[in-house]
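Notes for the one structure printed next.
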Amino acid sequence: MKLSLLWTDIMVWFLVISLLAWSWVISRSPQVKKQWHTIFKSSIAMASAIVLLFYLFFTLLDSVHLRFSAQSAESQSQTVQYEGEMVSLLDLIFAHNLKGTERTYSAPFATHEYAKSIIVDKRGTTRQAYLPLKYVSKSDDLMKKSLYAVFIGLIISSLFILLHIFWRNRDGFWNEFKKSWRGETLLPWRIAYLTVIFLVVISTWFYMMSFNYHVLGTDKVGGDVLYQSLKSIRTGVLIGILTTLIMLPVAVFLGVSAGLFGGWVDDVIQYLYTTLSSIPGVLLIAAGVLVMQVMMDTHPGWFETTLERADLRLLFLIMILGITSWTGLCRLLRAETLKISQIEFVTAAKAFGVGKLTIIRRHIIPNLMHIILISVVLDFSGLVLAEAVLSYVGVGVDPTMYSWGNMINQARLEMAREPMVWWSLFSAFVFMFILVLAANLLSDRIQTVLDPRNKS
Amino acid sequence: MSTVLTVKDLSLMIGRERLLRSVSFEIKKGEIFALVGESGSGKSLTSLAIMRLLPDVISVSSGEIKLKNNSLFSLSELQMQKIRGKSIAMIFQEPMSALNPVMTIGEQVAEVIKIHLGLKKEAIKSRVISLFEEVALKEPKERYNWYPHQLSGGQKQRVMIAIALACEPDLLIADEPTTALDVTIQAQVLTLLKTIRAKRDLSILFITHDMAVVAQMADRVAVMRYGEILEQAECKTFFDDPQHPYTKSLLKDAMGIREDRKTADVPDKLLEVEDLKVYFPIKKGFFQRTVGYVKAVNGVTLSIPKGKTLALVGESGSGKSTIGQAILSLVPVTEGTVKFENQDLAKLNQTALKPYRQKIQVVFQDPFSALNPRMMIGDIIREGMMSLGVGPKKRALQDKYIRELLLKVDLKAEYVHRYPHEFSGGQRQRIGIARALAVKPELIICDEPTSALDVSVRSQILKLLRKLQQESGVSYLFITHDLSIVPVIADEVAVMKEGKIVEQGSVLKVMETPQHEYTKKLLKSAPKLPNSK
Numbered sequence: 087m088k089l090s091l092l093w094t095d096i097m098v099w100f101l102v103i104s105l106l107a108w109s110w111v112i113s114r115s116p117q118v119k120k121q122w123h124t125i126f127k128s129s130i131a132m133a134s135a136i137v138l139l140f141y142l143f144f145t146l147l148d149s150v151h152l153r154f155s156a157q158s159a160e161s162q163s164q165t166v167q168y169e170g171e172m173v174s175l176l177d178l179i180f181a182h183n184l185k186g187t188e189r190t191y192s193a194p195f196a197t198h199e200y201a202k203s204i205i206v207d208k209r210g211t212t213r214q215a216y217l218p219l220k221y222v223s224k225s226d227d228l229m230k231k232s233l234y235a236v237f238i239g240l241i242i243s244s245l246f247i248l249l250h251i252f253w254r255n256r257d258g259f260w261n262e263f264k265k266s267w268r269g270e271t272l273l274p275w276r277i278a279y280l281t282v283i284f285l286v287v288i289s290t291w292f293y294m295m296s297f298n299y300h301v302l303g304t305d306k307v308g309g310d311v312l313y314q315s316l317k318s319i320r321t322g323v324l325i326g327i328l329t330t331l332i333m334l335p336v337a338v339f340l341g342v343s344a345g346l347f348g349g350w351v352d353d354v355i356q357y358l359y360t361t362l363s364s365i366p367g368v369l370l371i372a373a374g375v376l377v378m379q380v381m382m383d384t385h386p387g388w389f390e391t392t393l394e395r396a397d398l399r400l401l402f403l404i405m406i407l408g409i410t411s412w413t414g415l416c417r418l419l420r421a422e423t424l425k426i427s428q429i430e431f432v433t434a435a436k437a438f439g440v441g442k443l444t445i446i447r448r449h450i451i452p453n454l455m456h457i458i459l460i461s462v463v464l465d466f467s468g469l470v471l472a473e474a475v476l477s478y479v480g481v482g483v484d485p486t487m488y489s490w491g492n493m494i495n496q497a498r499l500e501m502a503r504e505p506m507v508w509w510s511l512f513s514a515f516v517f518m519f520i521l522v523l524a525a526n527l528l529s530d531r532i533q534t535v536l537d538p539r540n541k542s
Numbered sequence: 003m004s005t006v007l008t009v010k011d012l013s014l015m016i017g018r019e020r021l022l023r024s025v026s027f028e029i030k031k032g033e034i035f036a037l038v039g040e041s042g043s044g045k046s047l048t049s050l051a052i053m054r055l056l057p058d059v060i061s062v063s064s065g066e067i068k069l070k071n072n073s074l075f076s077l078s079e080l081q082m083q084k085i086r087g088k089s090i091a092m093i094f095q096e097p098m099s100a101l102n103p104v105m106t107i108g109e110q111v112a113e114v115i116k117i118h119l120g121l122k123k124e125a126i127k128s129r130v131i132s133l134f135e136e137v138a139l140k141e142p143k144e145r146y147n148w149y150p151h152q153l154s155g156g157q158k159q160r161v162m163i164a165i166a167l168a169c170e171p172d173l174l175i176a177d178e179p180t181t182a183l184d185v186t187i188q189a190q191v192l193t194l195l196k197t198i199r200a201k202r203d204l205s206i207l208f209i210t211h212d213m214a215v216v217a218q219m220a221d222r223v224a225v226m227r228y229g230e231i232l233e234q235a236e237c238k239t240f241f242d243d244p245q246h247p248y249t250k251s252l253l254k255d256a257m258g259i260r261e262d263r264k265t266a267d268v269p270d271k272l273l274e275v276e277d278l279k280v281y282f283p284i285k286k287g288f289f290q291r292t293v294g295y296v297k298a299v300n301g302v303t304l305s306i307p308k309g310k311t312l313a314l315v316g317e318s319g320s321g322k323s324t325i326g327q328a329i330l331s332l333v334p335v336t337e338g339t340v341k342f343e344n345q346d347l348a349k350l351n352q353t354a355l356k357p358y359r360q361k362i363q364v365v366f367q368d369p370f371s372a373l374n375p376r377m378m379i380g381d382i383i384r385e386g387m388m389s390l391g392v393g394p395k396k397r398a399l400q401d402k403y404i405r406e407l408l409l410k411v412d413l414k415a416e417y418v419h420r421y422p423h424e425f426s427g428g429q430r431q432r433i434g435i436a437r438a439l440a441v442k443p444e445l446i447i448c449d450e451p452t453s454a455l456d457v458s459v460r461s462q463i464l465k466l467l468r469k470l471q472q473e474s475g476v477s478y479l480f481i482t483h484d485l486s487i488v489p490v491i492a493d494e495v496a497v498m499k500e501g502k503i504v505e506q507g508s509v510l511k512v513m514e515t516p517q518h519e520y521t522k523k524l525l526k527s528a529p530k531l532p533n534s535k
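Chains A and B, in that order, are what the protein sequence lines are.
For any residue, its number in my numbering is found by taking its place in the first sequence, counting from 1, and adding 86.
For any residue, its number in my numbering is found by taking its place in the second sequence, counting from 1, and adding 2.
Rendered as structure tokens:
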């Protein structure tokens, strides 16, 4: 067994580490710390942040890839052979689901298939019947199991919460507990704990039920929809975060330069983004993806596994999306920079002989921050949704890769069936909706707090 | 005389906070009633309450407003709509934003007449033109088809007055109608309002913060503070014998009395500007060709002695701010020399300029945009020190230095860790002054530092500037359009018009015996308090 990280894994972990480093920096400056404290005073922001953390947790679980050594007969050979497949931690946790593939569609918590099949019995007569599912235990009592799962979920979540209260322990554990219970703490910890309980109980229930049932049903080829939805989290979050990360420096750099320096710099940048944004986005992305596809087809030796191949395609897609989507933000930032650079505090800085770079860093960027922040989060939601559109056109992520876009794309035909197969679309929709909603709510709060003009 | 408007015990609340406290006054027919007060005193709220245009969050907790004999609060919204515009009309401070930019001014006046009087098309047009004649708008027939952007500020205010008069209202509410205008235009608009009053026997509720304008316009005056009317009197008795201590201090601040300064010796010249020309290129077309020049400053010569103040007076667009920017080397000098201690700044590059950046500093007009909202006060003041290497190098010592500076400009030392939005306009202006002082300059260019401030705050800031000059011997170039503060702050005056200086000399000489026609006109237009010299 060895750890083998994909390119996107490395980027995700790098991002998480830099986020941690950033929060450490924040915790050292009392003013910024106070601002973030104010942000989380809103219970909606707190709950949204916890939901986002949950999504991030699943992304990280799915971003540690392992390769097991092959169980070959010639174990004496010096070099260890590895299996062709890479598995993530999430795959290991849901190994039973991977194995338990059914024949075809089945509804959530169903014991039989969704459509009748023709069967020939021993006597030779043919009839139509709902076949029982292979990996569902019929005899079990659903209620009893559910209660047990909820109980376990409660225990796990209260363990987390008690640990957290113990860690926060300011004036005695018991006092702190009482304060949290009554909602008298400075930050809305009660809401936070309720969210944690809710999420942990739901996920434990889903997980424990997934041993005996297909909680969210199965798709056309019998794959478990819950597993697919969970795997899709990584794709969605990755496209959302990494694309904005690629696009952001370009947009900020070009937008601020155009606004501040003016003259020919402004002209060149303006012509560049006007040209770029006048080409239909989907066309540009499709062209980029097709070029990349051809390149990958001619160099099959680049990838050892299909997962690596899919991953590289995802990475390219992220880059292409990043390159095509900076224009809007750039335009906004240019206009805002033009405005700010005429304001008197910038003139004052010039009168002090402060250099251009310092003016950008100290006076312009901080005053653009609320625009950057809000457009990043809006773009994040937009990109998660764009992935769905691109997969529909066929230029999205690799078809073998789990993504909400692919799920929705497949659901197109399922919706036309009679009776309708709704659970694939429904799961993708709910998972995507919660992610985008939480991101939007949090960004709303961040924007209100960080924008100094909103304070009275 | 019959009473047109009666406001009785009017109180307004927002939540549990009281905004107005039993405000009562009456306006008689043909009377100009002035409501005076500083910003936030509740003048505009009173006028909005009369129009019943208060925002929903503000509720009327008690009181009554009567127009002639109709109680306005008992009317339905539909009836009130007929009152607005027809019986009560309003003109605003900012004529630019009160006119619709995509409609011709004629149409905008015609619209009001159509709604309220329902005349025929031709009748409306002739009426609009006669209104334009009444507000002394030249060539009224051609102007009918003009758009607001083709008019100057004063002309726009005339159009606003025409709209207000269109339906022959009983009461005209003028909310700071001349604050945004230059002195000469202000004088014209005020005269116009008085003529119209005399001709139509119109009642005017005149809201302003400018005591001198009140003295010129009003028949009766009421002073407001914190939502209360403190004093109400006939205009003459009001200025001769003010009763309330707040009114007394307001009048004193507006008058700007200063102790006489001895001019014992003739000091050295600190800054000498000779034949300064600043032209801005007009660029057009695809390749940004230069097609012409705006001559913002066209051959200006002036000098500032050490430790003295030169006031640069002129109307908007006269190029006075550009001179300030040119001295700060923030705009390129087209021609001429800016000599600071015998060194021509116009010829230096950015690096060679740096030592002089420390010696010349600037204080701005708008205290709200002059401070970066994202920076703490301490960091704002520190910025110049760090950039120019002035003051102590160690952070702890710097903090101490900044705290001392804040005390010097009469702020509290603990403001270091606050952000600009937590302060009032006057406090921000003090922070701006502290920022300039931090690098120990020898010349501070004050670009209209008091024009955005209330009267009492204005006099405090002027006092502070004088105190600092006496302490440190700094010189000021004081750019202003407000003639009333010139004798308070300045030793010398230069009057500017269209990029040129028309008259220059000591304050006494220029203010008492002006030579140039333009200076005479300016001094004549400026509203004066009755008992000032």
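Note that beta-carbon positions come from the ideal geometry of N, C-alpha and C, so glycine has one too.
Please read all numbers here as calculations on a predicted model, not as lab measurements.
At least 8 Å separates the beta-carbon of leucine 176 (chain A) from that of lysine 88 (chain A).
Just so you know, the alpha carbons of valine 323 (chain A) and phenylalanine 466 (chain A) end up roughly 8 Å apart.
As computed with DSSP, phenylalanine 35 (chain B) is found in a beta bridge with B:Leu207 and B:Arg222. Only Ile429, Glu430, Phe431, Thr433, Ala434, Ala435 and Lys436 from the region 421 to 436 of chain A bring a Cβ to less than 7 Å from some Cβ of chain B. The Cβ atoms of alanine 176 (chain B) and isoleucine 93 (chain B) lie closer than 8 Å to each other. Annotated as distal: valine 185 (chain B) and valine 38 (chain B), with beta-carbon spacing of 8 Å or more. Think of a sphere of 7 Å around the beta carbon of lysine 356 (chain B): the chain A residues whose beta carbon falls inside it are Gly439, in chain order. Apart from the 5 residues on each side of it in sequence, lysine 526 (chain B) sits with its Cβ closer than 8 Å to the Cβ of Ala189 in its chain, given in chain order. Going by DSSP, tyrosine 146 (chain B) is part of no alpha helix (DSSP H) at all; its letter is neither H nor E.
DSSP places valine 98 (chain A) in the uninterrupted alpha helix (DSSP H) bounded by 93 to 114.
Contact of proline 452 (chain A) with chain B is assigned, a C-beta pair being separated by under 8 Å. For aspartate 368 (chain B), at least one C-beta of chain A is nearer than 8 Å to its own C-beta.
In this structure aspartate 255 (chain B) is buried. Its beta-carbon is surrounded by 16 or more other beta-carbon atoms within 10 angstroms. In this structure, B:Gln345 is the residue among B:Gln345, B:Tyr417 and B:Gly156 with its C-alpha nearest to the C-alpha of lysine 271 (chain B).
DSSP, read as helix, strand or coil, puts phenylalanine 515 (chain A) in helix.
Chain A places no beta carbon closer than 8 Å to that of arginine 18 (chain B), leaving this residue out of the contacts. Serine 343 (chain A) and isoleucine 429 (chain A) have their C-alpha atoms spaced approximately 17 Å apart.
In the structure shown, isoleucine 90 (chain B) adopts extended strand secondary structure according to DSSP, grouped into three states.
Scanning the region 80 to 139 of chain B for uninterrupted beta strand (DSSP E) segments of 3 residues or longer gives 90 to 93, listed from N- to C-terminal end. Of the residues A:Tyr216, A:Leu184 and A:Gly341, the one whose Cα lies closest to the Cα of glutamate 199 (chain A) is A:Tyr216. For histidine 250 (chain A), no CB of chain B lies under 8 Å from its own CB, so it is not counted at the interface with that chain. With distances taken between CA atoms, lysine 297 (chain B) lies nearest to B:Glu337 out of B:Lys286, B:Glu337, B:Lys68 and B:Leu304. Proximity of leucine 373 (chain B) to chain A, defined by a Cβ-Cβ separation below 8 Å, is satisfied.
Per the coordinates, the alpha-carbon of threonine 271 (chain A) lies some 28 Å from the alpha-carbon of threonine 290 (chain A). Taking the CA atoms as reference points, serine 411 (chain A) sits about 33 Å from aspartate 305 (chain A). Across the structure, phenylalanine 438 (chain A) and leucine 245 (chain A) are spaced so that their CA atoms are roughly 57 Å apart. Neighbours of glutamine 117 (chain A) across chain B, judged by C-beta separation under 9 Å: Met378, His419 and Tyr421.
Residues of chain A whose Cβ lies closer than 9 Å to the Cβ of serine 389 (chain B) are, in chain order, Ala435, Phe438, Gly439, Val440, Gly441 and Thr444.
Taking the Cα positions, alanine 436 (chain B) is about 43 Å away from leucine 174 (chain B). Per the coordinates, the alpha-carbon of serine 305 (chain B) lies some 22 Å from the alpha-carbon of lysine 356 (chain B).
Leucine 278 (chain B) sits close to valine 340 (chain B), with the two beta carbons spaced by under 8 Å.
When Cβ pairs closer than 8 Å are counted between the two stretches, the region 409 to 422 of chain B is seen to touch the region 379 to 393 of chain B, the count reaching three or more. The criterion of a C-beta distance shorter than 8 Å is not satisfied by serine 510 (chain A) and valine 307 (chain A).
Under the three-state reduction of DSSP, glutamate 500 (chain A) is assigned to helix.
Inter-residue distance for isoleucine 85 (chain B) and leucine 207 (chain B) is about 16 Å (C-alpha atoms, whole angstroms). With contact defined as three or more Cβ pairs closer than 8 Å, the region 361 to 381 of chain A and the region 477 to 493 of chain A are in contact.
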